[in-house]
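Residue numbers (the working numbering): 11 to 122. Where a beta carbon is used, it is the ideal one built from N, C-alpha and C, also for glycine. As the structure is a computational prediction, the values presented were derived from the model and not from experiment. Each remark here refers to the structure printed beneath this line.
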């Protein structure tokens, strides 16, 4: 089986047009942490017609799929008795579920 390297979901916070390059700049929370806090990053997009709400909808769907896959992986590790991997996947699921809560909060605050 070929291992995939998925792009982790991002929670987009804001967007603006760059005055120098006419590119759209999106600020988002990444899946990287510094001292318990997610890292805020920027992404430049040349031809993006999607709103932040639409982008976050896509990322939220990606997050739900990611959690679903992680739960399948967790079952496999439990079945195989691979306790170290099981604990790693459990902590990953917990982080992703917390991230899902951040998405839910964002959607509540930014209803369109």
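In this structure, residue 41 sits near residue 109, with a CB-CB distance shorter than 9 Å. Here residue 62 is not bridged, per DSSP, to any residue. As computed with DSSP, residue 37 is found in a beta bridge with 24 and 52. If you draw a straight line from the Cα of residue 51 to the Cα of residue 103, it comes to about 22 Å. Between residue 96 and residue 84 the beta-carbon gap is near 6 Å, inside 8 Å, which marks them as a contact. As the crow flies, the alpha-carbon of residue 20 is around 32 Å from that of residue 90.
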